[in-house]
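> Numbering-wise, my numbering puts 177 at position 128 of the sequence shown, and it's gapless, one number per residue.
For every residue, glycine included, the Cβ atom is placed at its ideal position computed from N, Cα and C.
Predicted model only: the values in this text are computed from it and were never measured.
Quick one: this structure, given as structure tokens, is what I'll be asking you about.
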Amino acid sequence: MRCDVLRSRRLALTICVCAGAVLSGCGLLAPAPTPPAEPLVAATPPTPPKPVPPPPPAEAKPRVERLHEGPPNHEYDIKGQHYMPHTSDVPMIETGLASWYGQPFHGRRTATGERYDMNAMTAAHKTMPLPSYAVVRNPANGREIVVKVNDRGPFVKDRIIDLSRAAARKLRIAGVGQVEVRRLTHEEIKSGAWKLPTERVATK
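Rendered as structure tokens:
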């Protein structure tokens, strides 16, 4: 009888040990806790590149060009006014108002047949022989430029020259401004006497 009791106690002890081992093993096999998710950080958008400013307009370089014998230098009528362009290499000096023309005329044919480029240093004149080169000065600020005259205009009272957009900007003329215009003769161009003060210094 006593032996049976001892056996029962040993069996109960064995069952408890095994049960503990099983429970302990289950604890080891349990999945590890999931770490908290990191907060999402918005990506910084790339800094857009700074716009590159357009290069300054190329200066008009005076050169001797043959004067047109055809329509660009023929007499003509516009808005009830009759104009007689010069047909020879004459000196011309004028003082008056300058205006400018831009986008609406960009790419159109000028009186000489060239394409109008509002970003080039050109101008229009009512009677100057075409093509010509002229020095235009803004007396308000002392700025001077050289333009190629290849078109006709401006056909507005009291205005003596119509500048390209680039030429007007270089003279700091936003709308209409007072200017002094001097046509360069072929002799001046050949001798280099036309050069502006800054260009005279650069060539010394």
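To the nearest angstrom, how far is it from the Cα of R192 to the Cα of V184?
Position 143 of the sequence shown, counting from 1, holds the residue named residue 192. Position 135 of the sequence shown, counting from 1, holds the residue named residue 184. Roughly 10 angstroms separates the two Cα atoms.
> What is the rounded straight-line gap between the Cα of E229 and the Cα of A147?
Reading the sequence shown from its first residue, position 180 is the one you call residue 229. Reading the sequence shown from its first residue, position 98 is the one you call residue 147. If you take the alpha carbons of E229 and A147, they lie about 9 angstroms apart.
> Comparing alpha-carbon positions, which option in P97, E118, E108, V139 lies nearest E237?
Within the sequence shown, the letter at position 188 stands for residue 237. For E237, the nearest C-alpha among the options comes from V139.
> Touching or not, the stretch 146 to 163 and the stretch 192 to 205, by the rule of three or more beta carbon pairs under 8 angstroms?
yes
> According to DSSP, what are the bridge partners of A183?
Along the sequence shown, read from residue 1 onward, the residue named residue 183 stands at position 134. BP columns for A183 point to V196, R232.
> Measuring straight from C-alpha to C-alpha, what distance separates M133 and M141?
What you label residue 133 is simply residue 84 of the sequence shown in a count that begins at 1. What you label residue 141 is simply residue 92 of the sequence shown in a count that begins at 1. When the Cα atoms are used, M133 and M141 turn out to be separated by approximately 14 angstroms.
> Sort out for me which residues DSSP pairs R164 with in a bridge.
If you number the sequence shown from 1, residue 164 lands on position 115. In the DSSP output, where bridge partners are listed per residue, R164 has R158.
> Apart from the five residues on each side of it in sequence, which residues of its chain come closer than 6 angstroms, Cβ to Cβ, to A109?
One-based indexing of the sequence shown puts residue 109 at position 60. Correct list, in chain order: M170, V195, V196, K197.
> To which residues of the same chain is K128 closer than 6 angstroms at the C-beta, ignoring the five residues directly before and after it?
Taking the first residue of the sequence shown as 1, we reach residue 128 at position 79. Only residues of its own chain outside the window of five on either side were considered, and among them F204 have a CB closer than 6 angstroms to the CB of K128, listed in chain order.
> Taking its Cβ as the centre, do 16 or more other Cβ atoms sit within 10 Å of V71, making it buried, or is it exposed?
Within the sequence shown, residue 71 is the residue found at index 22, counting from 1. Reliability fails at V71, whose pLDDT of 41 lies under 50, so the model's placement of it is uncertain and the value that follows must be treated cautiously. So V71 ends up on the exposed side.
> Would you kindly work out how many angstroms separate the C-alpha atoms of R164 and G226, rounded to a whole number?
As a position in the sequence shown, residue 164 is number 115, starting the count at 1. As a position in the sequence shown, residue 226 is number 177, starting the count at 1. Approximately 25 angstroms between the Cα atoms of the pair.
> What three-state label does DSSP hand E242 in the structure shown?
Here residue 242 is taken as the residue at index 193 of the sequence shown, counted from 1. Sequence check: residue 242 is Ala here, not Glu. If DSSP states are grouped into helix, strand and coil, A242 belongs with coil.
> Give me the Cα-Cα distance between P121 and E114, rounded to the nearest whole angstrom.
The residue labelled residue 121 in the question sits at position 72 within the sequence shown. The residue labelled residue 114 in the question sits at position 65 within the sequence shown. Taking the straight line from one Cα to the other gives about 14 angstroms.
> Tell me whether R208 sits in a helix, a strand or coil according to DSSP, three-state version.
As a first step, residue 208 must be located in the sequence shown, where it is residue number 159. DSSP places R208 in strand when its eight states are reduced to three.
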